[in-house]
Amino acid sequence: MAKILGPLFLLAILVLASVPLHQLPMMLPARGAQEADVAIGREAIVHHEALRPVEKPSEGTSSARAEEALGPKPRPAVYQEGDIVIESGVWMLDGSLELRGNLIVKGDGVAILNETARLFLVQSHNREFGISVLENGRLIIHPGAEITSNCTFDIS
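With the numbering used here applied, the sequence shown corresponds to residues 505 to 660, in that order.
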């Protein structure tokens with residue numbers, strides 16, 4: 505066993521030593537590195553992990569590889585208290601989100617609910633919260649995505 509671990513350890517040190525120190529964090533996966541910590545825009549900022557930005561594939565990346573990288577990855581339910589405001593960028597929900605607040609998409613913002621998305625609006629009474637698409641914002645809902653609530657809500 506020591507005969508195997510010694511060369512592997514040496515190889516690991518050589519690989520790490522060949523990378524400039526300032527680039528090392530880019531190589532190591534950080535928790536939540538591909539997720540958004542964010543709501544989105546210049547107004548009230550809300551932090552959550554359910555929505556994530558859609559990354560544009562770099563040049564030279566095949567479209568099949570890009571689709572695989574951006575493909576649906578089910579996530580556990582996340583609870584969010586407060587409004588989510590998307591004013592810019594493209595943001596995707598591909599898991600379950602329990603939202604006690606409004607989802608507002610406006611400006612240059614785009615919200616995508618893919619086929620594995622489950623958005624549940626938690627309300628105390630009818631029409632307490634809802635979904636609003638304003639000022640050129642776009643909401644794209646793929647077949648299979650679910651938007652539900654324990655009370656009546658509006659999408660406008």
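Think of the CB as a built atom: it goes at the ideal place given N, C-alpha and C, for glycine as much as any other residue.
At the C-beta level, Q584 and L603 come within 8 Å of one another. Taking the C-beta atoms as reference points, G634 is found no nearer than 8 Å to I651. Counting along the chain, L625 sits inside the beta strand (DSSP E) bounded by residues R622 to L625. Note on L638: under 16 other CB atoms within 10 angstroms of its CB, so exposed under the neighbour-count rule. If you ignore the 5 residues before and after S653, its C-beta comes within less than 7 Å of the C-beta of F624, L625 and Q627, all in its own chain and listed in chain order.
Taking the Cα positions, L601 is about 8 Å away from A621.
In the DSSP assignment, I635 falls within the unbroken beta strand (DSSP E) covering I635 to V637. Ranked by Cα distance from I608, the first of E619, G599 and S592 is S592.
For I659, there is no enclosing beta strand (DSSP E), as DSSP marks it with neither H nor E.
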